[in-house]
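Chemist: Provided herewith is a single structure, encoded as structure tokens, for subsequent inquiry.
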Amino acid sequence: MVDGHRDDGPCILVADFEVPKYLDRQAKKACARVEGVLRVRVKGLRINVARTREDIERMVGQRLPAPMKAVFLAGQHAILIAQPGNPAEAYVMVAHELTHLLTVEIPGIQDLSIPPWFFEGLAEYVSEQDRFSTQLGRPLLENAARHLASEGRWITFEKTKDLAWWMSGSASQDEMGLIFAQGYSWVKWLAQRHGDKVLGDIHQALTTGKGFPQAIEILTGQSVTQNIESWKIGLK
Ligand SMILES: [Zn+2]
Numbered sequence: 001m002v003d004g005h006r007d008d009g010p011c012i013l014v015a016d017f018e019v020p021k022y023l024d025r026q027a028k029k030a031c032a033r034v035e036g037v038l039r040v041r042v043k044g045l046r047i048n049v050a051r052t053r054e055d056i057e058r059m060v061g062q063r064l065p066a067p068m069k070a071v072f073l074a075g076q077h078a079i080l081i082a083q084p085g086n087p088a089e090a091y092v093m094v095a096h097e098l099t100h101l102l103t104v105e106i107p108g109i110q111d112l113s114i115p116p117w118f119f120e121g122l123a124e125y126v127s128e129q130d131r132f133s134t135q136l137g138r139p140l141l142e143n144a145a146r147h148l149a150s151e152g153r154w155i156t157f158e159k160t161k162d163l164a165w166w167m168s169g170s171a172s173q174d175e176m177g178l179i180f181a182q183g184y185s186w187v188k189w190l191a192q193r194h195g196d197k198v199l200g201d202i203h204q205a206l207t208t209g210k211g212f213p214q215a216i217e218i219l220t221g222q223s224v225t226q227n228i229e230s231w232k233i234g235l236k
């Protein structure tokens, strides 16, 4: 067992095999990134490292849609990642799952009407997917968002249901494409308009019990639907 036994740092790596040397540094960088955007202090995050994504599937008793190889463990202040292939992947996985974890740790999360596309879009934005797409061997999310838009397919506030639906894993491939790519594009657009600060403000508003639609309206002066319409114009 490699276990730091430290409770002062942001995160502790836990693995029963030798993990890549860069992992600790990338995990700390990812924690700092999440802390910076969401303006929260990360303490005592447990990062369990598995050898493969199949090991994760066995541990959580659930199939993971490819290329997913990390999950957050709600209620345990922990995330579970498969051994990364390179430093960029380590950074992106930790930042993405940690963003989710901090979101689901908000009290009363299920009653705050957070749409799945914001939930994923925020995690994709904070983890800087598009910055590392080449190293990750993945297409740019922004391009995928534009491609879907050119086919007339859009995220909506009403149709993509709620987090409980999303976490039950019943979204179709089509819905997943919209949720990840356009969710990312929307969050990025919002951050370009109002600065990254708005994302920390949203997190803060949710933490104080405001619903997502109310938080957006207070912080941007426009409803979610109006914000979606303005974002769409830029994407066309
Ligand atoms: Zn995610």
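With my numbering applied, the sequence shown corresponds to residues 1 to 236, in that order.
Using N, Cα and C, we set each Cβ at its ideal position, and we do this for glycine too.
All of these numbers come straight from a predicted model, not from anything done at the bench.
Just to confirm the assignment: which complete beta strand (DSSP E) runs, minimum length 3, are found wholly within the segment 161-225?
Modeler: none
Chemist: Pull every residue with its beta-carbon under 6 Å away from any heavy atom of ligand 1, and keep them in chain order.
Modeler: One residue list follows from the rule of a beta carbon closer than 6 Å to any heavy atom of ligand 1, given in chain order as His96, His100, Glu120, Ala123.
Chemist: Under a three-way DSSP split, which group does Phe118 fall into?
Modeler: If DSSP states are grouped into helix, strand and coil, Phe118 belongs with the helices.
Chemist: DSSP state of Ala145, grouped into three classes?
Modeler: helix
Chemist: Tell me where the alpha helix (DSSP H) around Ala27 begins and ends.
Modeler: 22-38 is the extent of the alpha helix (DSSP H) around Ala27.
Chemist: For a test of the three-state rule: what should DSSP assign to Leu64, helix, strand or coil?
Modeler: coil
Chemist: Please work out which residues of its chain come closer than 6 Å, Cβ to Cβ, to Trp186, disregarding the five sequence neighbours upstream and downstream, and give them in chain order.
Modeler: Excluding sequence neighbours, Trp186 sits near Gly121, Trp231.
Chemist: Answer with buried or exposed for Asn227, where buried requires no fewer than 16 other C-beta atoms within 10 angstroms of its C-beta.
Modeler: buried
Chemist: Taking 8 Å as the limit between beta carbons, can you name the residues of its chain near Leu102, skipping five residues before and five after?
Modeler: Val34, Leu38, Val40, Val42, His203.
Chemist: How would you call Asp130, buried or exposed, if buried means at least 16 neighbouring beta carbons within 10 angstroms?
Modeler: buried
Chemist: Are the Cβ atoms of Glu97 and Ile79 separated by less than 8 Å?
Modeler: The answer is yes: Cβ separation under 8 Å.
Chemist: How is the beta strand (DSSP E) around Ala74 delimited, first residue to last?
Modeler: Ala74 -> no beta strand (DSSP E), and no H or E assigned at all.
Chemist: Just how far apart, CA to CA, sit Glu124 and Tyr184?
Modeler: 6 Å
Chemist: Here's a check: name, in chain order, each residue in its chain whose Cβ is nearer than 6 Å to the Cβ of Leu140, leaving out the five neighbours to either side.
Modeler: Asp130, Ser133
Chemist: Determine the DSSP secondary structure at Asn227, reduced to helix, strand or coil.
Modeler: Correct three-state label for Asn227: helix.
Chemist: In whole angstroms, give me the CA-to-CA distance for Thr99 and Val126.
Modeler: A direct Cα-Cα distance of roughly 7 Å separates Thr99 from Val126.
Chemist: Here's the rule: buried if 16 or more other CB atoms are within 10 angstroms of the residue's CB, otherwise exposed. What is Thr192?
Modeler: According to the sequence displayed, residue 192 carries Gln and not Thr. Answer is exposed; the Cβ neighbour count stays below 16.
Chemist: Grouping DSSP H, G and I as helix and E and B as strand, with all else coil, what is Gly4?
Modeler: Low confidence applies to Gly4: its pLDDT is 47, below 50, so where it sits in the model is not reliable, and the reading given next is rough at best. Residue state, collapsed to three classes: coil.
Chemist: List the whole-angstrom C-beta distance separating Leu148 from Gln182, where the pair is believed to meet the contact cut-off of C-beta under 8 Å.
Modeler: So it is a contact: roughly 6 Å between Cβ atoms.
Chemist: Assuming Val94 contacts Gln26 (C-beta within less than 8 Å), just tell me the rounded distance between them.
Modeler: 7 Å
Chemist: Buried or exposed: which applies to Glu89, given that a residue is buried once 16 or more other Cβ atoms fall within 10 Å of its Cβ?
Modeler: Around the C-beta of Glu89, 16 or more other C-beta atoms lie within 10 Å, and the residue is accordingly described as buried.
Chemist: Tell me the rounded alpha-carbon separation between Ile12 and Asp24.
Modeler: 8 Å
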